[in-house]
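Okay, structure first, notes after.
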Amino acid sequence: MKTSACPLDILPSSLFKSAFQSIGPSVLSIINASLVSGQVPAYFKNAVIHPLLKKPSLDPSLHSSFRPISKLPFISKILEKVVAKQLTAALDEHNIYDSFQSGFRRAHSTETALLRVSNDLLTHSDAGDCSVLVLLDLTAAFDTVDHHLLLERLRDWVGLSGSALEWFSSYLSERSFSVAVSKFRSSTTSLTHGVPQGSVLGPLLFLLYLLPLQHILSSFKGISYHLYADDIQLYISFKPHEMSKLQLLHTCLDSIKTWMAGSFLQLNEDKTEILICAPDKLVPKVRDSLGQLASHTKPSVRNLGVTFDPALTLDSHVSSLVRSSFFHLRNIAKLSPILSRSELETVLHTFISSRLDYCNSLFTCLSRTSLNRLQVVQNACARLLTKSSKHTHITPLLLQLHWLPVNFRVHFKILVLVYRALHGQAPSYIGDLLSPYTPSRSLRSSDQSLLVVQHQAKDQR
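With the first letter of the sequence shown counted as 1, position 56 gets the number 56 in the UniProt record's numbering; the numbers rise by one all the way through.
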């Protein structure tokens with residue numbers, strides 16, 4: 001378990017961890033007593049908030065310019081880790097999670113979420129359909145959770161009762177926080193709503209708070225959805241002559257707003273974005289059919305860190321990625337004389353390779369030109385690391401560094417995801433995209449567990 005300093009810790013967390021073998025039995029007694037009694041010690045429910053300026057360019061006189069960093073006593077996180085492990089096991093065993101919720105779940109990620117969404121949109125595009133993607137944003141969602149409603153949902157939707165439900169009631173009640181700036185700390189204030197920030201259980205409890213939303217979203221046949229924590233994506237596909245289906249989108253959004261109002265959650269309508277995926281000649285007609293939602297349409301949208309464009313080519317994303325990568329590469333080059341080779345490689349992987357690899361399973365739709373642009377970035381990294389000139393042939397350098405070229409890294413990521421899906425280590429919504437190949441007649445390859453090869457997108461043909 002990672003250690004993190006909290007002003008409320010009696011012992012430094014690093015010392016606590018190093019001495020854990022000696023004090024472990026006492027900690028175990030505290031944890032067991034808490035679980036059996038259904039009570040959480042008051043000391044565990046006090047947090048210290050450190051305000052952190054989001055960007056140096058922001059106005060420090062505005063509260064909105066700061067991000068609150070919440071820190072809890074280290075020992076409280078041990079208790080939460082134990083509870084989270086038991087709760088997660090029960091949620092998995094009884095299939096309580098929303099199938100299309102990818103936030104804070106094992107084997108789920110932004111990449112798997114975007115892979116499913118982009119696959120659905122591309123499939124409909126190949127079929128000649130138009131699609132509309134709606135990205136919804138919530139205002140301070142984690143901070144407005146109602147404790148009474150959360151406990152009701154733990155009881156009615158998760159099935160908790162007895163001492164387990166009492167434990168969560170105790171966990172949420174009588175919480176407090178103080179604000180620390182430099183060496184000064186404010187007096188404590190009660191925290192009467194919201195999931196505890198900086199906690200282990202907070203994100204998981206928020207997912208459970210949203211459970212009723214899945215039944216609302218799934219009731220609208222023809223509208224697909226995907227959630228990543230509090231980021232909500234809706235998308236609807238239709239034939240060009242079926243523009244009237246967009247009325248269903250309005251009805252769905254009205255139902256979402258009504259439910260959120262009753263759950264003390266609020267949509268940030270200023271950040272609601274809509275992307276129309278349709279042939280250029282049909283875009284104006286689709287926009288007109290959106291009615292009041294038309295004002296939220298954008299030429300491109302940033303979706304969980306990836307820029308989507310109407311044609312789903314990801315060209316805008318690649319341009320942004322190349323631009324930011326070379327910005328960092330120029331700064332790294334200035335530092336390279338004072339860095340050892342291993343340090344330089346670590347910096348390159350941190351600032352460049354991680355960007356090239358982020359959600360790169362989506363790059364199967366990239367044109368050869370876009371892939372070449374990304375390869376140029378990797379080549380520049382290899383030449384900087386090996387101190388080679390720009391005229392040096394790149395293939396031997398990549399072999400020397402054991403770096404797979406960008407295109408091969410994309411295919412490798414896809415193969416890893418397919419392997420995980422076949423072995424139950426990927427989200428079910430990814431496994432659903434794989435179809436076993438069944439030959440029309442008996443072949444020697446019949447027992448090789450082959451998969452049906454889907455047709456390629458139009459741009460890939």
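We put the CB at the ideal spot given by N, CA and C, even for glycine.
- DSSP places residue 117 in the uninterrupted alpha helix (DSSP H) bounded by 110-126.
- Given a length threshold of 3 residues, each whole run of the beta strand (DSSP E) inside the stretch 142-209 is given here in chain order: 175-181 and 189-191.
- Taking a cut-off of 8 Å for Cβ pairs, the stretch 148-157 and the stretch 281-296 do not touch, as fewer than three such pairs fall below it.
- The stretch 380-421 is shown to contain whole alpha helix (DSSP H) runs of 4 or more residues at 394-401, in chain order.
- If you draw a straight line from the Cα of residue 397 to the Cα of residue 386, it is about 8 Å long.
- Counting of Cβ neighbours within 10 angstroms places residue 409 among the buried residues, the total reaching 16 or more.
- For residue 93, the secondary structure class from DSSP, reduced to helix, strand or coil, is helix.
- Its chain contains 361 and 364 as the residues whose beta carbon lies nearer than 8 Å to that of residue 414, once the 5 sequence neighbours on both sides are disregarded; these appear in chain order.
- The alpha-carbon of residue 315 is positioned some 15 Å away from that of residue 358.
- Cα atoms of residue 226 and residue 108: separation of roughly 12 Å, rounded to the nearest angstrom.
- A direct Cα-Cα distance of roughly 39 Å separates residue 402 from residue 277.
- Put simply, of 340, 384, 368 and 369 the residue whose alpha carbon is nearest the alpha carbon of residue 352 is 384.
- Contact between the stretch 167-181 and the stretch 34-54 is present, with at least three C-beta pairs closer than 8 Å.
- The beta carbon of residue 172 sits closer than 6 Å to those of 147, all from its chain and outside the five residues before and after it, given in chain order.
- With a cut-off of 8 Å on Cβ pairs, the stretch 85-97 is not in contact with the stretch 55-71, counting fewer than three such pairs.
- Judged by their CB atoms, residue 142 and residue 103 are not nearer to each other than the 8 Å cut-off.
- DSSP lists 234 as the bridge partner or partners of residue 225.
- Within its own chain, the residues whose Cβ lies closer than 8 Å to the Cβ of residue 223, once the five positions on either side in sequence are excluded, are 217, 234, 235, 236, 248, 249 and 252, listed in chain order.
- Under the three-state reduction of DSSP, residue 449 is assigned to coil, being neither helix nor strand.
- One thing to note: residue 256 has its Cβ no nearer than 8 Å to the Cβ of residue 132.
- Contact between residue 355 and residue 336 does not hold, since the beta-carbon distance rounds to 18 Å and is not under 8 Å.
- Three or more Cβ pairs closer than 8 Å define a contact, and the stretch 33-43 meets that threshold against the stretch 149-166.
- If you draw a straight line from the Cα of residue 450 to the Cα of residue 416, it is about 16 Å long.
- Check the Cα spacing between residue 366 and each of 13, 254, 144 and 122: the tightest is with 122.
- Using a Cβ distance threshold of 8 Å, residue 293 and residue 232 do not count as a contacting pair.
- In the three-state reduction of the DSSP assignment, residue 52 falls in the strand class, which pools E and B.
- If the five residues before and after residue 87 are omitted, its C-beta is found closer than 7 Å to the C-beta atoms of 204, all from its own chain and listed in chain order.
- Taking the C-beta atoms as reference points, residue 71 is found nearer than 8 Å to residue 6.
- In the three-state scheme derived from DSSP, where H, G and I count as helix and E and B as strand, residue 68 is classed as strand.
- Our two residues, residue 311 and residue 243, have alpha carbons roughly 19 Å apart in a direct line.
- For residue 264, no beta strand (DSSP E) segment is defined, and its DSSP state is neither H nor E.
- Residue environment for residue 323: exposed (fewer than 16 other C-beta atoms within 10 angstroms of its C-beta).
- Judged by DSSP in its simplified three-state form, residue 139 adopts coil rather than helix or strand.
- Comparing alpha-carbon positions, the option among 369, 393, 368 and 370 lying closest to residue 380 turns out to be 393.
- In the same chain as residue 57, and ignoring 5 residues on each side of it, no C-beta atom comes closer than 7 Å to its own.
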